[in-house]
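Participant: The number in my numbering is simply the position in the sequence shown, starting from 1, with 80 added.
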Amino acid sequence: MAEMMDRIGVNGVPSEVTLTVEGRISWKDSAGIEKCLVIEKEVLGFKDEGGGGMWRIRVCALVIGEKEREKKRIRKDFVLKFEGEDVMRVWLRKLRDHLDSLGRPKRLIVFLNPFGGKKKGQKIFNDKVKPLLDAASISYTLKETRHKLHGQELAHSMNLFDYDGVLCISGDGLLVEVINGLLQRKDWVSAIKMPLGIVPAGTGNGMIKSLLDSVGESCTVYNAVFMVIRGHKRKLDVATISQGHTLFFSVLMLCWGLIADIDIESEKLRWMGSMRLNIYSLIRAIKLRKYNGVISFIPARGYESYGEPTQLGSTSNSIPKSGEEIGYRGPTISSQNNCEWRSIKGPFISIWLHNVRWASTDTLAAPDAKFSDGCYDLIVIKDGSRYDLLTAMGGMSDGSYVKLQHVLYLKVTAFRLEPGNQVEEPENGGIIDSDGEVLTRGKGTYLYGKQDDIMDYSSIEMQVDEGLATIFSP
Numbered sequence: 081m082a083e084m085m086d087r088i089g090v091n092g093v094p095s096e097v098t099l100t101v102e103g104r105i106s107w108k109d110s111a112g113i114e115k116c117l118v119i120e121k122e123v124l125g126f127k128d129e130g131g132g133g134m135w136r137i138r139v140c141a142l143v144i145g146e147k148e149r150e151k152k153r154i155r156k157d158f159v160l161k162f163e164g165e166d167v168m169r170v171w172l173r174k175l176r177d178h179l180d181s182l183g184r185p186k187r188l189i190v191f192l193n194p195f196g197g198k199k200k201g202q203k204i205f206n207d208k209v210k211p212l213l214d215a216a217s218i219s220y221t222l223k224e225t226r227h228k229l230h231g232q233e234l235a236h237s238m239n240l241f242d243y244d245g246v247l248c249i250s251g252d253g254l255l256v257e258v259i260n261g262l263l264q265r266k267d268w269v270s271a272i273k274m275p276l277g278i279v280p281a282g283t284g285n286g287m288i289k290s291l292l293d294s295v296g297e298s299c300t301v302y303n304a305v306f307m308v309i310r311g312h313k314r315k316l317d318v319a320t321i322s323q324g325h326t327l328f329f330s331v332l333m334l335c336w337g338l339i340a341d342i343d344i345e346s347e348k349l350r351w352m353g354s355m356r357l358n359i360y361s362l363i364r365a366i367k368l369r370k371y372n373g374v375i376s377f378i379p380a381r382g383y384e385s386y387g388e389p390t391q392l393g394s395t396s397n398s399i400p401k402s403g404e405e406i407g408y409r410g411p412t413i414s415s416q417n418n419c420e421w422r423s424i425k426g427p428f429i430s431i432w433l434h435n436v437r438w439a440s441t442d443t444l445a446a447p448d449a450k451f452s453d454g455c456y457d458l459i460v461i462k463d464g465s466r467y468d469l470l471t472a473m474g475g476m477s478d479g480s481y482v483k484l485q486h487v488l489y490l491k492v493t494a495f496r497l498e499p500g501n502q503v504e505e506p507e508n509g510g511i512i513d514s515d516g517e518v519l520t521r522g523k524g525t526y527l528y529g530k531q532d533d534i535m536d537y538s539s540i541e542m543q544v545d546e547g548l549a550t551i552f553s554p
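(1) Pro275 by DSSP, collapsed to three states: which one?
(2) Helix, strand or coil: which one does DSSP assign to Arg369?
(3) If you draw a straight line from the C-alpha of Arg364 to the C-alpha of Asp341, how long is it?
(4) Taking the beta strand (DSSP E) that Met113 belongs to, which residues open and close that run?
(5) According to the neighbour-count rule (16 or more other Cβ atoms, all chains shown, within 10 Å of its Cβ), is Ala111 buried or exposed?
(6) Would you decide whether Cys116 is buried or exposed? Buried here means 16 or more other CB atoms lie within 10 Å of its CB.
(7) For Met134, which residues in the same chain have their Cβ closer than 8 Å to its Cβ, ignoring the five residues on either side in sequence?
(8) Alpha carbon to alpha carbon, how far is Ile344 from Asp513?
(9) Apart from the five residues just before and just after Met238, which ones in its own chain have a Cβ nearer than 7 Å to its Cβ?
(10) Can you say whether Ser385 is buried or exposed, counting buried as having 16 or more other CB atoms within 10 angstroms of its CB?
(11) Out of Glu122, Val167 and Met81, which one is the CA nearest neighbour of Gly89?
(12) Quick check on Glu129: does DSSP put it in helix, strand or coil?
(13) Cα separation between Ser398 and Ser376?
(14) Locate the alpha helix (DSSP H) running through His236, then write down its first and last residues.
(15) Compute the Euclidean distance between the alpha carbons of Lys174 and Cys335, then round it to the nearest angstrom.
(16) Under a three-way DSSP split, which group does Gln202 fall into?
(17) Kindly indicate which residue of Ile511, Met473 and Cys455 has the alpha-carbon position closest to the one of Asn46.
(18) From Ala549 to Thr390, what distance separates their C-alpha atoms?
(19) Check for me: the beta strand (DSSP E) holding Ile406 runs from which residue to which?
(20) Could you check whether Ile278 and Leu263 sit closer than 7 Å to each other, using their CB atoms as the reference points?
(21) Which first and last residues belong to the alpha helix (DSSP H) in which Glu507 is found?
(22) Taking DSSP as the reference, what is the three-state secondary structure of Ser398?
(23) When you compare the CB positions of Asp244 and Lys313, do they come within less than 7 Å of one another, or not?
(24) I need the boundaries of the alpha helix (DSSP H) containing Tyr383, first residue and last residue.
(25) For His558 and Asp468, which I take to be in contact (beta-carbon distance under 8 Å), what is that distance rounded to the nearest angstrom?
(26) Give the secondary structure of Asn285 by DSSP, where H, G and I count as helix, E and B as strand, and everything else as coil.
(27) For Ala446, does the count of other Cβ atoms within 10 angstroms reach 16, so buried, or fall short, so exposed?
(28) From Gly183 to Ile429, what distance separates their C-alpha atoms?
(29) Can you tell me whether DSSP reads Leu99 as helix, strand or coil?
(30) List the endpoints of the continuous beta strand (DSSP E) containing Lys425.
(31) Can you tell me the Cα-Cα spacing of Asp86 and Asn285, whole angstroms?
(32) Is Pro506 buried or exposed, if buried means 16 or more other CB atoms sit within 10 Å of its CB?
(33) Pull up the DSSP beta-bridge partners for Leu490, would you.
(34) At what residues does the beta strand (DSSP E) containing Phe451 begin and finish?
(35) Can you grab the Cα-Cα spacing for the pair Asn260 / Thr225, in whole Å?
(36) Comparing C-alpha positions only, which one of Thr412, Trp432, Asp453 and Cys455 sits nearest to Leu444?
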């Protein structure tokens with residue numbers, strides 16, 4: 081149904097232009113071909129260019145390129161030229177009313193990690209992010225992170241009332257820092273409701289890849305920024321990883337064994353960008369390690385047959401010590417769940433838990449993972465030859481590796497890891513990694529004794545809180 085209709089010049093071509101009540105702008109080009117823009121899906125903003133006898137509105141848009149095979153957006157402007165000021169002002173008001181009705185964010189705080197990935201965060205912001213925010217008339221405050229956990233500190237101290245959302249320009253690590261900072265606040269209940277957005281500028285970029293892939297869009301900066309500009313949101317599960325009073329909040333993954341070794345030990349090849357993971361995967365498959373240990377878990381519905389029954393209560397203590405600041409302490413597991421716990425004994429090659437489908441832009445780690453389902457997907461590899469491992473790694477790009485005979489794949493709502501040492505070198509332990517950050521290292525591991533890890537190399541527990549955080553979504 082038409083809301084407005086006038087004869088207007090579009091990019092210099094006079095045409096009957098229609099605006100529908102649904103927010104669809106349509107016209108015909110010089111060849112008489114019907115063209116249209118959907119405000120909600122394609123428009124960044126409307127600029128007033130009236131004055132000096134010229135009455136124009138610039139429509140700043142982000143459209144799917146006609147010759148693009150993938151769903152990549154490109155910037156394109158459309159200039160509407162009117163015969164007089166009065167009609168231009170009416171159109172401008174109506175067009176902006178449509179935008180305002182969408183509930184898009186007006187004010188963002190932008191956290192930029194200039195050291196992530198290939199250190200192109202600043203260039204990505206200047207060349208691509210800033211122009212889009214300006215076109216959408218979104219005001220922002222830019223904060224560059226200067227050191228490890230700086231994003232956590234910024235999120236912990238930010239004034240929530242000044243912003244409609246947080247935009248992280250980095251890999252997954254900065255997003256995790258922000259979530260940990262928000263959940264450590266006294267006002268964490270309201271803080272964790274702050275919508276979070278991500279622009280891919282790091283090594284992994286698993287979260288933004290998972291978000292965009294869920295609607296069939298390619299993982300590009302334009303798609304990621306427009307996702308935030310449009311203001312759509314969804315809930316995100318958060319896992320609390322605990323050891324005594326020490327907590328770490330995860331939104332991506334937890335790993336021990338092969339995947340952790342690759343993720344952390346490949347840091348020495350960081351100059352290679354994302355290729356470092358592929359190269360080091362080959363090295364670790366050739367020099368295969370196995371680890372002693374035990375995993376226990378509460379299976380999701382439909383996975384109760386995995387593992388062996390075990391009587392296991394929670395060892396986590398959610399009550400802070402006297403004098404500690406009270407933030408979020410994680411969900412509690414009732415003793416009534418004792419009968420639901422199952423366990424699997426090692427040795428293990430790899431233990432990997434994932435919250436979202438993609439670990440990086442080219443690794444489909446958990447093909448059955450879903451947003452806000454209250455579960456982490458658990459992938460267990462106990463046995464297998466070097467050839468089997470190379471086959472599995474070859475199948476990680478499309479997720480087919482989870483169907484291999486030596487790979488166990490299930491969903492869990494709680495998890496406990498009792499890590500042991502390497503089978504081949506019993507004096508050496510392993511690395512426990514969550515969201516790209518080392519929680520703890522056993523003896524003999526990469527950088528052991530040179531880093532202040534937050535946990536000991538002993539039992540840890542993970543509990544999933546369904547839909548705790550809020551994230552911008554396509």
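Ideal placement from N, C-alpha and C gives every residue a C-beta, glycine not left out.
Facilitator: From the atom records:
(1) What you label residue 275 is simply residue 195 of the sequence shown in a count that begins at 1. Coil.
(2) Position 289 of the sequence shown, counted from the start, is the residue given in the question as residue 369. Looking at Arg369 - three-state DSSP - the assignment turns out to be coil, as it is neither helix nor strand.
(3) Counted from its first residue, the sequence shown places residue 364 at position 284. Counted from its first residue, the sequence shown places residue 341 at position 261. Distance between the alpha carbons of Arg364 and Asp341 is about 8 Å.
(4) What you label residue 113 is simply residue 33 of the sequence shown in a count that begins at 1. For the sequence presented, residue 113 should be read as Ile rather than Met. No beta strand (DSSP E) holds Ile113; DSSP gives it neither H nor E.
(5) The residue given as residue 111 occupies position 31 in the sequence shown. So Ala111 counts as exposed.
(6) As a working note, residue 116 is residue 36 in the sequence shown. By the 10 Å Cβ count, Cys116 comes out exposed.
(7) One-based indexing of the sequence shown puts residue 134 at position 54. Only Lys161 meet the Cβ criterion.
(8) The residue labelled residue 344 in the question sits at position 264 within the sequence shown. The residue labelled residue 513 in the question sits at position 433 within the sequence shown. Those two C-alpha atoms are separated by around 8 Å.
(9) Counting from 1 along the sequence shown, the entry for residue 238 is found at position 158. So the list reads Ile189, once near-sequence residues are dropped.
(10) Your numbering for residue 385 matches position 305 in the sequence shown. Answer is exposed; the Cβ neighbour count stays below 16.
(11) Locating residue 89 in the sequence shown gives position 9, where the first residue counts as 1. Checked all of Glu122, Val167 and Met81; the closest Cα to Gly89 is Val167.
(12) Locating residue 129 in the sequence shown gives position 49, counting from the first residue. In the structure shown, Glu129 sits in coil (DSSP, three-state: anything other than H, G, I, E or B).
(13) Against the sequence shown, residue 398 aligns to sequence position 318. Against the sequence shown, residue 376 aligns to sequence position 296. In this prediction, Ser398 scores a pLDDT of 49, lower than 50, which makes its location untrustworthy; the coordinate-derived value is nonetheless stated afterwards. Answer to the nearest angstrom: the Cα atoms are 20 Å apart.
(14) Position 156 of the sequence shown, counting from 1, holds the residue named residue 236. Where His236 is concerned, the enclosing alpha helix (DSSP H) stretches over His230 to Ser237.
(15) Here residue 174 refers to the residue found at position 94 of the sequence shown. Here residue 335 refers to the residue found at position 255 of the sequence shown. Looking at the two C-alpha atoms, the distance is approximately 52 Å.
(16) Counting from 1 along the sequence shown, the entry for residue 202 is found at position 122. Three-state DSSP puts Gln202 in a helix.
(17) Because the chain here runs from 81 to 554, residue 46 falls outside it and cannot be looked at.
(18) Reading the sequence shown from its first residue, position 469 is the one you call residue 549. Reading the sequence shown from its first residue, position 310 is the one you call residue 390. Whole-angstrom Cα-Cα distance: 31 Å.
(19) Numbered from 1 along the sequence shown, position 326 holds the residue referred to as residue 406. Ile406 -> no beta strand (DSSP E), and no H or E assigned at all.
(20) Counting from one through the sequence shown, the residue named residue 263 turns up at place 183. Counting from one through the sequence shown, the residue named residue 278 turns up at place 198. In this structure, Ile278 does not lie closer than 7 Å to Leu263 by Cβ.
(21) Translated into positions along the sequence shown, residue 507 becomes position 427. From DSSP, Glu507 is part of no alpha helix (DSSP H); its letter is neither H nor E.
(22) Walking along the sequence shown from the start, residue 398 turns up at place 318. For Ser398, the predicted model reports a pLDDT of 49, less than 50, meaning its position is unreliable and no value from the coordinates is stated.
(23) If you number the sequence shown from 1, residue 244 lands on position 164. If you number the sequence shown from 1, residue 313 lands on position 233. No, Cβ-Cβ distance for Asp244 and Lys313 is not below 7 Å.
(24) One-based indexing of the sequence shown puts residue 383 at position 303. Unbroken run through Tyr383: none, as it is neither H nor E.
(25) Past the edges of the chain, shown from 81 to 554, lies residue 558, and the structure says nothing about it.
(26) Here residue 285 is taken as the residue at index 205 of the sequence shown, counted from 1. If DSSP states are grouped into helix, strand and coil, Asn285 belongs with the strands.
(27) Here residue 446 refers to the residue found at position 366 of the sequence shown. That one is buried.
(28) Start at 1 with the first residue of the sequence shown, and residue 183 comes out as number 103. Start at 1 with the first residue of the sequence shown, and residue 429 comes out as number 349. Those two C-alpha atoms are separated by around 48 Å.
(29) Counted from its first residue, the sequence shown places residue 99 at position 19. Leu99 falls in the strand class under three-state DSSP.
(30) Stepping through the sequence shown from its first residue, residue 425 is reached at position 345. Taken as a continuous stretch (DSSP letters only), the beta strand (DSSP E) holding Lys425 covers Arg422 to Lys425.
(31) Here residue 86 corresponds to residue number 6 of the sequence shown, with the count starting at 1. Here residue 285 corresponds to residue number 205 of the sequence shown, with the count starting at 1. Their Cα atoms are separated by approximately 45 Å.
(32) In the sequence shown, residue 506 corresponds to position 426, counting from 1. The residue in question, Pro506, is exposed, as its Cβ has fewer than 16 Cβ neighbours within 10 Å.
(33) Taking the sequence shown and counting its residues from 1, one reaches residue 490 at position 410. Paired residues: Leu458.
(34) On the sequence shown, position 371 is the one that residue 451 refers to. Per DSSP, Phe451 belongs to no beta strand (DSSP E) and is neither H nor E.
(35) On the sequence shown, residue 260 is found 180 positions in, with the first residue counted as 1. On the sequence shown, residue 225 is found 145 positions in, with the first residue counted as 1. Straight-line Cα distance between these residues: approximately 15 Å.
(36) The count along the sequence shown starts at 1 and reaches residue 444 at position 364. Of the candidates Thr412, Trp432, Asp453 and Cys455, the one whose C-alpha sits nearest the C-alpha of Leu444 is Trp432.
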